[in-house]
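Protein sequences, first through last, are from chains A, B, C, D, E and F. The number in the working numbering is simply the position in the first sequence, starting from 1, with 73 added. The number in the working numbering is simply the position in the second sequence, starting from 1, with 73 added. The number in the working numbering is simply the position in the third sequence, starting from 1, with 73 added. The number in the working numbering is simply the position in the fourth sequence, starting from 1, with 73 added. The number in the working numbering is simply the position in the fifth sequence, starting from 1, with 73 added. The number in the working numbering is simply the position in the sixth sequence, starting from 1, with 73 added.
Protein chains: 6
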Amino acid sequence: MSTAREHPDQTAQLLIEALPYIRQFADSVVVVKYGGNALAGGDEASALASFAQDIVLLQAVGIKPVVVHGGGPQIAEMLKKIGKTSEFHDGLRITDAETLEMAQMVLVGKVNSGIVAALNVHGPIAVGLSGVDANLITAAFRDEKLGFVGDVTNVDPTIVNRLVAQGIVPVIATIGSDIAGQTLNINADTVAGEIAAAVHAEKLVFLTDVPGIRRVADDPSTVMAQATVEELEALVSSGAANGGMVPKVEACCTAVRGGVRRAHILDGTTPHALLVELFTDSGVGTMVVPS
Amino acid sequence: MSTAREHPDQTAQLLIEALPYIRQFADSVVVVKYGGNALAGGDEASALASFAQDIVLLQAVGIKPVVVHGGGPQIAEMLKKIGKTSEFHDGLRITDAETLEMAQMVLVGKVNSGIVAALNVHGPIAVGLSGVDANLITAAFRDEKLGFVGDVTNVDPTIVNRLVAQGIVPVIATIGSDIAGQTLNINADTVAGEIAAAVHAEKLVFLTDVPGIRRVADDPSTVMAQATVEELEALVSSGAANGGMVPKVEACCTAVRGGVRRAHILDGTTPHALLVELFTDSGVGTMVVPS
Amino acid sequence: MSTAREHPDQTAQLLIEALPYIRQFADSVVVVKYGGNALAGGDEASALASFAQDIVLLQAVGIKPVVVHGGGPQIAEMLKKIGKTSEFHDGLRITDAETLEMAQMVLVGKVNSGIVAALNVHGPIAVGLSGVDANLITAAFRDEKLGFVGDVTNVDPTIVNRLVAQGIVPVIATIGSDIAGQTLNINADTVAGEIAAAVHAEKLVFLTDVPGIRRVADDPSTVMAQATVEELEALVSSGAANGGMVPKVEACCTAVRGGVRRAHILDGTTPHALLVELFTDSGVGTMVVPS
Amino acid sequence: MSTAREHPDQTAQLLIEALPYIRQFADSVVVVKYGGNALAGGDEASALASFAQDIVLLQAVGIKPVVVHGGGPQIAEMLKKIGKTSEFHDGLRITDAETLEMAQMVLVGKVNSGIVAALNVHGPIAVGLSGVDANLITAAFRDEKLGFVGDVTNVDPTIVNRLVAQGIVPVIATIGSDIAGQTLNINADTVAGEIAAAVHAEKLVFLTDVPGIRRVADDPSTVMAQATVEELEALVSSGAANGGMVPKVEACCTAVRGGVRRAHILDGTTPHALLVELFTDSGVGTMVVPS
Amino acid sequence: MSTAREHPDQTAQLLIEALPYIRQFADSVVVVKYGGNALAGGDEASALASFAQDIVLLQAVGIKPVVVHGGGPQIAEMLKKIGKTSEFHDGLRITDAETLEMAQMVLVGKVNSGIVAALNVHGPIAVGLSGVDANLITAAFRDEKLGFVGDVTNVDPTIVNRLVAQGIVPVIATIGSDIAGQTLNINADTVAGEIAAAVHAEKLVFLTDVPGIRRVADDPSTVMAQATVEELEALVSSGAANGGMVPKVEACCTAVRGGVRRAHILDGTTPHALLVELFTDSGVGTMVVPS
Amino acid sequence: MSTAREHPDQTAQLLIEALPYIRQFADSVVVVKYGGNALAGGDEASALASFAQDIVLLQAVGIKPVVVHGGGPQIAEMLKKIGKTSEFHDGLRITDAETLEMAQMVLVGKVNSGIVAALNVHGPIAVGLSGVDANLITAAFRDEKLGFVGDVTNVDPTIVNRLVAQGIVPVIATIGSDIAGQTLNINADTVAGEIAAAVHAEKLVFLTDVPGIRRVADDPSTVMAQATVEELEALVSSGAANGGMVPKVEACCTAVRGGVRRAHILDGTTPHALLVELFTDSGVGTMVVPS
């Protein structure tokens with residue numbers, strides 16, 4: 074691939090081709106869900122640095138990014154380190170107090186800090202948040218038998234909006250707390266959808282490790298370029314979507330039904346997939362639109 | 074002790090007696106260093122809830138509190154849990170990568186979140202920060218042989234000032250990062266002094282587990298009610314102060330030399346010592362003043 | 074009674090017990106009607122100083138007080154001094170030009186200035202207003218045979234709102250003027266109710282010399298702790314309320330019907346009754362609520 | 074004299090001729106001292122209405138007027154009404170408590186309210202202040218033997234500046250208070266000079282009942298069109314100025330030395346003398362300039 | 074005619090008579106259409122200077138003027154200079170590319186600059202705009218056979234509102250552009266009406282060379298002092314209005330239907346007709362009112 | 074050359090490479106002098122559209138561009154069209170009244186409007202100004218024998234700063250006016266330098282038709298990549314620079330001495346030279362730096 078150093082005129086040309094998109098998304102909020110898997114790959118530091126560049130570029134051209142992240146693989150690794158084995162209730166993993174503590178420490182004290190630090194190499198750009206901060210995410214126990222697992226009952230986006238208004242990129246770890254101050258673990262995809270709706274985002278982008286939503290779960294050739302909320306809801310209720318894709322698909326629907334114009338599920342392992350989606354004609358992954 | 078419920082007229086009377094102090098400190102920033110020991114006591118949750126009440130009261134009467142915290146005992150407990158033993162260099166403990174990771178997770182993901190959650194039971198009042206957020210604390214390796222231990226090289230108080238201006242209580246975990254984004258462990262007392270100076274605090278208050286600074290380290294009867302910066306600096310250089318008290322004393326001096334009007338070292342295990350110091354005639358602990 | 078000086082820990086405890094109330098009323102406007110009788114007692118200066126402390130404390134903890142006052146006893150004293158005797162029309166006292174002039178001078182030039190001066194001993198906190206200022210209260214002649222007595226036709230709260238927004242306590246003398254600039258005497262209780270509604274106050278508090286509203290006018294044992302607007306309106310129309318209590322009761326109803334959440338009639342001769350009502354569980358006097 | 078109704082083209086022409094002055098004084102603060110004598114004339118109401126028109130016009134064309142007033146004749150009349158006779162100390166009148174009370178009531182409750190009401194016929198334009206409001210004028214006893222007579226020790230113009238910034242005309246009665254809240258009577262001319270300097274006025278205008286400052290006190294033909302601060306100070310120290318003119322002359326000097334560009338002493342009994350001075354080439358009275 | 078210099082008291086009197094109008098129109102936007110004919114008279118520079126004085130006076134007394142101008146005679150003169158003769162389509166003049174270029178250069182580069190320069194002799198008051206600036210006027214080809222003649226399709230008053238809010242007088246040349254950036258010539262009267270409606274003007278004033286709208290086109294004695302929108306629309310549809318008066322009448326109707334309170338058609342060749350209309354009881358020309 | 078459509082990944086890569094420059098120049102003012110020659114080429118519309126894209130891109134990525142333009146070739150063409158021949162004084166061309174009028178019409182009414190229209194195809198981005206607007210450029214006659222030619226005596230950048238602060242691109246035609254409102258023709262390069270200094274620009278960029286400043290005027294191989302102010306001043310005083318390059322070089326020196334960090338002389342006929350200079354490592358043309 075040629076570089077700017079070799080062909081400065083090409084840089085200029087490509088910037089000009091990106092101009093309509095830059096203008097279109099100026100001042101728009103774009104919520105990016107960055108998966109723990111994206112971080113857990115072979116060259117984690119390099120992937121994170123590349124992701125940070127993308128986010129900083131978005132901000133530099135006037136877009137207002139908000140990052141939401143998970144950290145499943147990192148939590149699993151930590152639990153393994155302390156020799157923790159999970160118990161189950163009706164086949165579902167129970168989040169006991171120690172598991173919650175580990176999850177919270179890994180999400181907030183490791184993954185979140187790591188993303189913030191990678192962004193802030195470029196300047197004082199990012200601030201880490203968890204759902205506990207300024208009561209961003211209030212949650213309630215889903216089922217006491219499952220332990221400290223919560224469902225979102227309220228999103229108060231004030232702190233996110235204020236940081237965004239100051240040119241700061243909020244990076245959000247998906248820990249919530251109930252009204253008594255008890256922290257709870259929550260599904261990160263779900264939170265991303267709720268936050269995108271609450272902050273009136275223009276776009277919600279899931280950076281995953283798959284190329285999009287498949288019409289037939291087992292058939293990689295059935296990735297959809299575009300889907301309506303109705304199509305996706307049918308896909309979920311028919312059972313055609315499965316596994317980890319379900320909360321992502323549901324979150325896209327939550328967001329789009331909540332006023333977000335477009336939701337996207339992209340393969341975040343492709344370098345700069347976020348930029349390609351935003352600044353070129355080449356749609357990648359699946360775009361979710363209102364009906 | 075009588076209560077407000079029994080003697081409402083007394084509540085009124087005592088409020089009136091607190092009035093001059095409330096007016097004096099209105100709109101002032103007060104940095105409170107909350108020690109990990111204070112949290113690690115027998116009834117940790119209750120102590121934390123009591124501390125949270127004090128901070129919320131400060132904010133309710135127009136003071137602008139900023140909380141800085143450590144977490145030594147909690148880090149030690151975690152290291153023990155994973156069976157980590159420390160190595161030493163010239164008698165000093167080495168913070169290797171795993172130790173740093175644990176320290177960061179405990180400080181940011183456990184202690185910090187815990188304090189924030191305790192405060193936010195009262196409303197969306199607090200936001201947790203670490204030194205990584207918006208490059209609040211830039212640090213540099215102290216000595217590579219000691220591993221990931223840093224000294225503060227710069228404090229950028231912008232994010233703290235903005236949150237304070239919005240009526241938010243920043244709660245700061247004392248992790249910093251160097252300019253390459255590498256996080257480093259830093260002494261929490263030192264950070265408290267630097268931040269107090271950087272935000273032009275009116276007061277810096279250390280909540281410790283001792284009743285103040287002793288003129289003679291081993292003699293509890295020599296606690297000073299008041300001391301000048303010069304007296305304390307002499308105490309440190311003469312070796313009369315020792316152990317964990319040294320960084321606290323030095324931080325008081327840093328803060329007062331940096332423009333903070335008063336620094337205090339109090340026994341935080343006394344209930345509501347912070348309020349007694351601020352709102353009554355009864356000075357408690359040691360007050361550090363400019364010469 | 075023990076004092077803060079003796080029991081600083083008690084001060085702290087009582088402050089903590091007041092915290093929920095302080096937080097609840099933060100940024101709320103509380104209109105306080107301060108009666109001329111309260112000022113005319115045996116130790117006028119001391120009562121006024123105590124009242125001033127209460128108002129300054131309210132302001133110090135973030136409440137926005139607005140004071141409305143009368144001055145009946147002081148006007149009577151002045152009229153006596155100049156040997157003025159009143160004429161009557163159908164049994165009602167006639168406010169002739171000289172009486173109006175005396176009333177205005179006493180209310181604006183004596184009582185109002187006295188309250189403002191007592192408050193401003195604590196700092197540049199209060200500004201005196203009469204209804205003439207910035208056309209705060211426009212009135213119309215009630216009945217030309219009664220002379221210069223007016224009924225409120227309009228309240229323009231702009232100047233009150235602006236001063237309140239600047240942290241100033243407006244102290245309002247209840248003189249109004251008609252559209253030709255003719256000043257008129259108006260009932261202070263009525264004005265208090267109208268202003269409380271116009272500034273969207275959270276509370277209206279009447280500091281009187283009785284312990285509350287009686288269900289049976291002559292029976293002190295029938296003071297009501299709480300009453301709805303409907304109950305009070307029935308009380309007035311049945312004639313059960315009488316004398317000076319009627320305009321107070323009507324003003325409470327006006328205010329509550331106009332959106333004020335709670336109106337109170339307290340015995341202002343009890344020290345710090347205002348603080349006891351606001352900051353403790355002990356309701357004193359009668360609280361008026363919507364139906 | 075022809076009127077606008079008869080010669081509308083002349084109105085237009087004269088407006089055009091006033092244009093340079095209107096532009097020159099736009100956004101400037103002009104302090105106008107309005108004497109009690111001006112109010113005490115044969116047709117008081119008419120004179121006041123005419124004065125009010127002038128002030129409203131100033132405000133309408135973008136000037137920021139501040140009115141300071143006295144009330145000597147009105148106070149004398151009131152004292153007479155209550156049969157008060159003054160005592161003297163070394164030939165100087167003693168202001169005892171009752172005299173102070175009467176002075177305060179007349180100045181604040183009668184003269185001030187009267188001016189404010191006359192202005193507010195034109196809209197919610199004016200707010201009355203005394204020196205007690207927001208601690209505008211702090212004073213100290215001049216000589217306890219003279220009773221409640223004060224000298225200005227501090228002017229805090231914050232409340233005046235705020236009202237002016239909101240398009241309000243402050244009307245100031247010259248009662249001050251000492252730091253204990255004791256009100257004191259102060260010379261109105263002196264206050265006008267101090268306030269003009271404190272608010273950085275462009276002009277200070279005294280509306281008196283004489284045509285200007287005479288070089289020779291007894292010789293009406295020696296009225297000066299212009300005088301420097303030095304000339305006037307020499308006039309006062311030589312004793313050539315006398316009587317009530319001395320505080321006016323001294324106040325002009327205070328103001329001009331304090332940064333006010335021009336001070337004027339005009340005959341306020343000439344209709345619209347203020348407008349003629351401000352908006353035509355015809356200087357009237359004496360203009361005081363820096364040396 | 075007497076002047077201010079001769080009769081300063083008269084200036085004052087007339088200013089007082091103008092006061093109610095000055096207050097009434099304070100902060101109101103007044104759109105003034107200044108015709109090219111007004112500029113093309115015998116003493117063009119003098120007429121322009123006089124017009125500039127009027128506009129500056131309006132601004133000085135707090136009115137917010139917006140000037141819209143044409144330039145027909147000046148364009149004709151320029152076309153003559155380059156020897157351009159027009160072609161016609163169905164009897165209508167065709168604006169070919171060269172004619173458009175000349176029109177644009179004369180309107181924007183000569184007439185507009187001339188008005189701006191005349192205003193700015195009084196200070197940095199005016200900024201010239203054409204419809205191209207910040208897309209103030211978007212237009213579309215009326216009929217391609219007529220060449221570069223456009224009809225207004227959109228007015229974006231943002232730039233006008235911003236300049237007005239900053240105390241600047243926008244001076245608008247009536248060139249528009251279509252969405253491809255092609256400039257088009259537009260009728261200036263029409264633009265004036267559209268802009269008056271878009272900026273929510275209080276008044277729209279046409280300065281023409283006739284004394285008003287005639288009920289009978291050929292009969293000068295039938296000039297109407299006042300007319301409703303309905304009356305004027307009937308006049309136009311009946312053909313009773315004709316020639317250059319039609320777009321003016323239609324623009325008045327557009328403006329008044331669009332919320333402008335009053336539209337006026339005056340004889341701008343009378344000196345200061347604008348001031349006479351605004352600041353005296355003497356209505357001149359025809360005033361258009363809603364039905 | 075490959076395009077974004079073909080190689081979206083390359084677009085992303087090149088955006089990332091431009092990121093440091095985008096961040097570096099964010100919020101900086103960049104003054105771009107756009108020469109008349111650049112407009113007068115073979116494909117004028119296309120060159121202008123390309124220039125407009127560059128400016129819009131600058132603005133889209135957070136830079137604040139200000140455009141200053143000349144129009145020599147276009148003025149010459151217009152003078153030719155009306156058959157105007159110039160007279161001379163001591164060998165210098167005389168700008169008589171008609172020449173000035175044509176210059177003003179062409180610059181303001183044609184070139185300026187053309188640039189504004191080309192920019193505003195992208196949205197309401199640009200507003201045209203001449204030096205007459207809000208007294209941006211005050212000038213004085215250079216030599217009356219040369220006619221209406223002026224030298225800059227004052228730049229009041231207020232209107233430019235305000236538009237820039239609102240996200241508007243000012244496009245400035247270099248006509249000034251003297252204090253009597255007489256317009257004058259001024260050298261556009263000189264104006265560009267003065268304005269760059271007055272608005273505290275980060276950069277001044279001359280888009281010319283040559284590749285930079287030559288050390289030896291006749292030797293194209295001596296183009297300098299970088300030069301200090303001192304080197305250039307020596308070049309001018311030694312006569313080594315000549316012709317139209319002199320005012321450009323002098324303007325660069327004026328700007329840099331006035332605080333502009335970098336001035337550049339580029340070949341504007343190279344497509345997107347502006348973007349290449351700003352967003353790649355490849356410096357083009359000559360960069361002028363402080364000594």
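Backbone N, C-alpha and C fix where the C-beta goes; we use that ideal spot for every residue, glycine too. Keep in mind that this is a model prediction, so the values were computed, not measured.
Could you check what DSSP says for residue i in three-state terms: helix, strand or coil?
| i | result |
| --- | --- |
| glycine 145/C | helix |
| alanine 336/B | strand |
| proline 93/D | helix |
| proline 344/A | coil |
| isoleucine 245/C | strand |
| glycine 240/F | coil |
I'd like to confirm the pairing. Which residues does DSSP put opposite residue i in its beta bridges?
| i | result |
| --- | --- |
| valine 302/A | Its beta-bridge partners do not exist; DSSP assigns none. |
| serine 250/A | Thr211/A and Thr256/A |
| arginine 166/C | Phe161/C |
| proline 138/F | Val103/F |
| valine 296/E | Arg287/E |
Kindly indicate the opening and closing residues of the beta strand (DSSP E) around residue i.
| i | result |
| --- | --- |
| asparagine 227/E | 223-228 |
| methionine 360/B | 359-362 |
| lysine 276/F | 276-281 |
| glycine 201/D | 199-203 |
| isoleucine 289/D | Reading the sequence as shown, one finds valine at residue 289/D and not isoleucine. Where valine 289/D is concerned, there is no enclosing beta strand (DSSP E), given that its DSSP letter is neither H nor E. |
| valine 105/F | 102-107 |
Would a check of beta-carbon distances place residue i closer than 8 Å to chain I?
| i | result |
| --- | --- |
| serine 123/F | Here chain I cannot be found, since the structure's protein chains are A, B, C, D, E and F. |
Quick one: does the C-beta of residue i sit closer than 7 Å to a heavy atom of the ligand SAM?
| i | result |
| --- | --- |
| histidine 195/C | In the structure shown, the ligand SAM is absent, as is every other ligand, since no ligand is present at all. |
Following the continuous alpha helix (DSSP H) through residue i, name the residue where it begins and the one where it ends.
| i | result |
| --- | --- |
| leucine 219/D | Element bounds for leucine 219/D: n/a, residue is neither H nor E. |
Exercise. At a Cβ cut of 9 Å, what residues of the segment 186-200 of chain D count as close to chain C, listed as they run along the chain?
Worked result: Residues passing the 9 Å Cβ filter: Ser186, Gly187, Val189, Ala190, Ala191, Leu192, Asn193, Val194, Gly196, Pro197, Ile198, Ala199 and Val200.
Problem set entry | Where the segment 84-99 of chain B meets chain C: residues whose CB sits under 8 Å from a CB there | Here the close residues are Thr84, Ala85, Gln86, Leu87, Leu88, Ile89, Glu90, Ala91, Leu92, Ile95, Arg96 and Ala99.
For this session: Compile a chain-ordered list of the residues in the segment 126-154 of chain D whose CB is closer than 7 Å to at least one CB of chain E.
Result: Of all residues in the segment 126-154 of chain D, Gln126, Val129, Leu130, Ala133, Val134 and Gly135 have a Cβ within less than 7 Å of some Cβ in chain E.
Problem set entry | Residues in the segment 237-250 of chain D having any Cβ partner in chain C nearer than 8 Å | Within the segment 237-250 of chain D, contact with chain C at the beta-carbon level (separation under 8 Å) is assigned to Gln239, Ile241, Ile248 and Ser250.
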